[in-house]
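Protein chains: 2
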Amino acid sequence: MTTVREPKQDRSRATRLRLLEATIDCLAESGWSATTVADVAERAGVSRGAAQHHFPVREDLITAALEFMFDSRMTTAMDAAKSAGASAARKTETVISELVEYFTGPMFKAALQVWTAAAADPALKERIVPLEAKFGRTAHRLTIDALGVDDSDPATHQLVQATLDLARGLGLADVLTDDSARRKKIVRRWAATLDTALKPKP
Amino acid sequence: MTTVREPKQDRSRATRLRLLEATIDCLAESGWSATTVADVAERAGVSRGAAQHHFPVREDLITAALEFMFDSRMTTAMDAAKSAGASAARKTETVISELVEYFTGPMFKAALQVWTAAAADPALKERIVPLEAKFGRTAHRLTIDALGVDDSDPATHQLVQATLDLARGLGLADVLTDDSARRKKIVRRWAATLDTALKPKP
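Structure (structure tokens):
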């Protein structure tokens, strides 16, 4: 089946995507209170009216941005780890590096602004909690898949969970200062420790 | 040498302490933007004038609160771990549990509000960065001491750093929901893994 190209719909989709990307950058760089629909529209080069047509309420824009960008960036990170790790001897280190790369990028910094605002805002919290649960499940599944380990083993499951918690902690340590030199050593050490712990006992 | 008791100075010190404690609670529960000197004074039951006498500027109050409460609570946590762990077989698990307890308490939730605000506020960031470095060093030193391990060994140093990053990540996972059930399993698993990793090779 062929579909007729619809330029108007394409334009609308492109505008939406520009708004979602600008929301993440705006949150990561300017913080929660400086991220309104008007601020994001300006950053994206979209008229305020068009932005409000797509996202009448600020919370809609922010949750849509988190959801879309999380899926796209986390999948990209783990795909990169898988294609790099396939031939590499140090697969675990490659996967953890990509994971930590994600958690120190704009997506995590943006999410941190929203999570922190939600801690003191019950209505926002209600929207964010299911999103957090979904992100947690997806990140776990993609990491298990990239590492190629068996999640039905409780020790493996818990160590992969711990690795995600570590990545989140390393993300937080990078919010105010460039923590990359210290982080590199931690990732290498954690990867070696995880490799030993995940190795089937003889 | 005996000192004459100075009731007025005692009262002033008590007021200051009440303000510092109220600042942490206010940040943790109501967030950054709802934590002004006036809000904290009201919560502490101190007149606005008296609060402003102690802390003319909001940033002074907040950094003083973080500094004082961090020292007091982190030391308490690690002292608890040491006295509990002295006779316990599972010293590592006790120390990590206390550490994680600290990172899921009001002190971490308060600090998170300040760190996140500082990410988008260069003047605040300048005040917070040295504090973050100091907290990191102190937490590391107290953890090394409580575990009774040798920090001059690079692997040990990095694994204790990773443990602190993990604790920070677990703290973040507890901001919006009660994550204690999952956390307990992670702590136990990491303690066992860390114990094996720190054991001198035969």
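Quick note, the sequences are listed as chains A and B, same order.
Here numbering that gives the first Met the number 0 is used: position 77 in the first sequence is 76, and no number is missing along the way.
Here numbering that gives the first Met the number 0 is used: position 21 in the second sequence is 20, and no number is missing along the way.
Don't be surprised by glycine CBs; every beta carbon is placed ideally from N, CA and C.
All values reported here derive from a predicted model rather than from experimental measurement.
Assuming LEU98 of chain B and ALA76 of chain B form a contact by the criterion Cβ under 8 Å, report the distance between their Cβ atoms to the nearest whole angstrom.
Locating residue 98 of chain B in the second sequence gives position 99, counting from the first residue. Locating residue 76 of chain B in the second sequence gives position 77, counting from the first residue. Right, their Cβ atoms sit about 7 Å apart.
Please say whether LEU26 of chain A and ALA109 of chain A have beta carbons closer to each other than 8 Å?
Along the first sequence, read from residue 1 onward, the residue named residue 109 of chain A stands at position 110. Along the first sequence, read from residue 1 onward, the residue named residue 26 of chain A stands at position 27. Their beta carbons are under 8 Å apart, which means ALA109 of chain A touches LEU26 of chain A by this criterion.
Kindly give me the distance between the Cβ atoms of LEU18 of chain A and ALA43 of chain A, rounded to whole angstroms, as I take these residues to be in contact under 8 Å.
Sequence index remark: in the first sequence, residue 18 of chain A carries index 19 (1-based). Sequence index remark: in the first sequence, residue 43 of chain A carries index 44 (1-based). About 5 Å separates the two Cβ atoms, so the contact holds.
Please name the residue in B:ILE95, B:LYS81, B:ILE143 whose C-alpha comes closest to that of ALA190 of chain B.
The sequence position of residue 190 of chain B within the second sequence is 191, counting from 1. Selected option, being the one with the closest Cα: B:ILE95.
Hey, does VAL128 of chain A have any beta-carbon neighbour from chain B nearer than 8 Å?
For the purposes of this step, residue 128 of chain A is taken as residue 129 along the first sequence, with counting starting at 1. Chain B, which has a Cβ nearer than 8 Å to the Cβ of VAL128 of chain A, makes this yes.
At 7 Å on the CB atoms, spell out the chain B contacts of GLY104 of chain A, in chain order.
One-based indexing of the first sequence puts residue 104 of chain A at position 105. Near GLY104 of chain A there are no residues of chain B at all, since even the closest Cβ is about 14 Å away, more than 7 Å.
Closest by CA to LYS124 of chain A, which one among B:ASP24, B:ASP177, B:PRO55, B:ALA79?
Taking the first sequence and counting its residues from 1, the one referred to as residue 124 of chain A is at position 125. When each option's Cα is compared against that of LYS124 of chain A, the closest is B:ASP177.
Helix, strand or coil: how does DSSP classify MET0 of chain A here?
Indexing the first sequence from 1 puts residue 0 of chain A at position 1. No answer about MET0 of chain A holds up, because its pLDDT of 49 lies below 50 and its placement is not dependable.
Put LYS7 of chain A into one of helix, strand or coil per three-state DSSP.
One-based indexing of the first sequence puts residue 7 of chain A at position 8. LYS7 of chain A falls in the helix class under three-state DSSP.
Beta-carbon of THR91 of chain B versus every beta-carbon of chain A: anything under 8 Å?
Along the second sequence, one-based indexing puts residue 91 of chain B at 92. False, the Cβ-Cβ gap to chain A never drops below 8 Å.
Among B:LEU146, B:LEU141, B:ILE143, B:ARG182, which one has its Cα closest to the Cα of VAL159 of chain A?
Locating residue 159 of chain A in the first sequence gives position 160, where the first residue counts as 1. The shortest Cα separation from VAL159 of chain A among B:LEU146, B:LEU141, B:ILE143, B:ARG182 belongs to B:ARG182.
Within the continuous alpha helix (DSSP H) that includes LYS108 of chain A, where are the two ends?
Position 109 of the first sequence, counted from the first residue, corresponds to residue 108 of chain A. Its alpha helix (DSSP H) spans residues 105–118.
For TRP114 of chain B, collect the residues of the same chain with a Cβ closer than 7 Å to its Cβ; drop the 5 residues on either side in sequence, then sort them by chain order.
As a first step, residue 114 of chain B must be located in the second sequence, where it is residue number 115. Cβ within range, chain order: ILE127.
The alpha helix (DSSP H) spanning TRP189 of chain B covers which residue range?
Working through the second sequence from its first residue, we reach residue 189 of chain B at position 190. Per DSSP, TRP189 of chain B belongs to the alpha helix (DSSP H) from 179–197.
Is PRO173 of chain A helix, strand or coil when you go by DSSP?
In the first sequence, the residue the question calls residue 173 of chain A occupies position 174. Note that residue 173 of chain A corresponds to Asp in the displayed sequence, not to Pro. Reduced to three states, the DSSP call for ASP173 of chain A is coil.
Compute the Euclidean distance between the alpha carbons of HIS156 of chain B and ASP78 of chain B, then round it to the nearest angstrom.
Within the second sequence, residue 156 of chain B is the residue found at index 157, counting from 1. Within the second sequence, residue 78 of chain B is the residue found at index 79, counting from 1. When rounded, the distance between both Cα atoms is 20 Å.
Helix, strand or coil: which one does DSSP assign to ASP150 of chain A?
By 1-based counting over the first sequence, the position of residue 150 of chain A is 151. Coil at ASP150 of chain A, not helix or strand.
Contact check, ILE23 of chain A vs MET73 of chain A under 8 Å by CB: the rounded distance?
Within the first sequence, the letter at position 24 stands for residue 23 of chain A. Within the first sequence, the letter at position 74 stands for residue 73 of chain A. In fact, because the Cβ distance is near 13 Å, the residues do not count as touching under 8 Å.
Let's test the definition: count the other Cβ atoms within 10 Å of the Cβ of GLY170 of chain A and tell me whether it reaches 16, buried, or not, exposed.
Here residue 170 of chain A is taken as the residue at index 171 of the first sequence, counted from 1. The residue is buried, with at least 16 neighbouring Cβ atoms inside 10 Å.
When the Cα of PHE134 of chain B is compared with those of B:VAL148, B:GLY147, B:ASP152, B:TYR101, which residue comes out closest?
The sequence position of residue 134 of chain B within the second sequence is 135, counting from 1. PHE134 of chain B has its Cα closest to that of B:TYR101, out of B:VAL148, B:GLY147, B:ASP152, B:TYR101.
Is the beta carbon of ARG167 of chain A within less than 7 Å of some heavy atom of the ligand GTP?
For the structure depicted, the ligand GTP is absent and the ligand set is empty, with no information on it obtainable.
Looking at chain A, which residues of the region 166–180 of chain B have a Cβ within less than 9 Å of any of its Cβ atoms?
Listed by position along the chain: ALA166, ARG167, GLY168, LEU169, GLY170, LEU171, ALA172, VAL174, LEU175, THR176.
Excluding five sequence neighbours on each side, which residues of the same chain lie with their C-beta closer than 6 Å to the C-beta of GLN112 of chain B?
The count along the second sequence starts at 1 and reaches residue 112 of chain B at position 113. Same-chain partners within the cutoff: LEU26, GLY30, TRP31.
Is there a C-beta anywhere in chain B that falls below 8 Å from the one on ASP164 of chain A?
By 1-based counting over the first sequence, the position of residue 164 of chain A is 165. Yes, ASP164 of chain A lies at the interface with chain B (some Cβ there is under 8 Å from its Cβ).
Going straight from the alpha carbon of ASP150 of chain A to that of HIS53 of chain A, what length do you get?
By 1-based counting over the first sequence, the position of residue 150 of chain A is 151. By 1-based counting over the first sequence, the position of residue 53 of chain A is 54. Rounded to the nearest angstrom, the two C-alpha atoms are 40 Å apart.
Beta-carbon of LYS108 of chain B versus every beta-carbon of chain A: anything under 8 Å?
Residue 108 of chain B sits at position 109 when you count from the first residue of the second sequence. Interface residue, yes.
Looking at the unbroken alpha helix (DSSP H) that takes in ALA40 of chain A, where does it start and where does it end?
Taking the first residue of the first sequence as 1, we reach residue 40 of chain A at position 41. Looking at the DSSP string, the run of the alpha helix (DSSP H) that includes ALA40 of chain A is 36–43.
Please work out which residues of its chain come closer than 8 Å, Cβ to Cβ, to LYS7 of chain A, disregarding the five sequence neighbours upstream and downstream, and give them in chain order.
Working through the first sequence from its first residue, we reach residue 7 of chain A at position 8. For LYS7 of chain A, where only same-chain residues beyond five positions count, there are no Cβ hits under 8 Å.
Figure out for me which residue from B:LEU175, B:THR34, B:VAL148 has the closest Cα to the Cα of LEU193 of chain B.
By 1-based counting over the second sequence, the position of residue 193 of chain B is 194. Selected option, being the one with the closest Cα: B:VAL148.
Of the residues that make up the region 185–196 of chain A, which ones have a beta carbon closer than 7 Å to any beta carbon in chain B?
Within the region 185–196 of chain A, the residues whose Cβ lies closer than 7 Å to some Cβ of chain B are ILE185, ARG188, TRP189, THR192, ALA196, listed in chain order.
Which residues in the same chain as ALA166 of chain B place their Cβ atom closer than 8 Å to its Cβ, once the five residues preceding and following it in sequence are excluded?
By 1-based counting over the second sequence, the position of residue 166 of chain B is 167. The answer, listed in chain order, is ILE95, LEU98, VAL99, TYR101, PHE102.
Given a limit of 9 Å on CB to CB distance, which residues of the region 44–59 of chain A reach chain B?
Going along the region 44–59 of chain A in chain order, one finds no residue with a Cβ nearer than 9 Å to chain B.
Determine the DSSP secondary structure at PRO55 of chain A, reduced to helix, strand or coil.
Here the question's residue 55 of chain A lines up with position 56 in the first sequence. Residue state, collapsed to three classes: coil.
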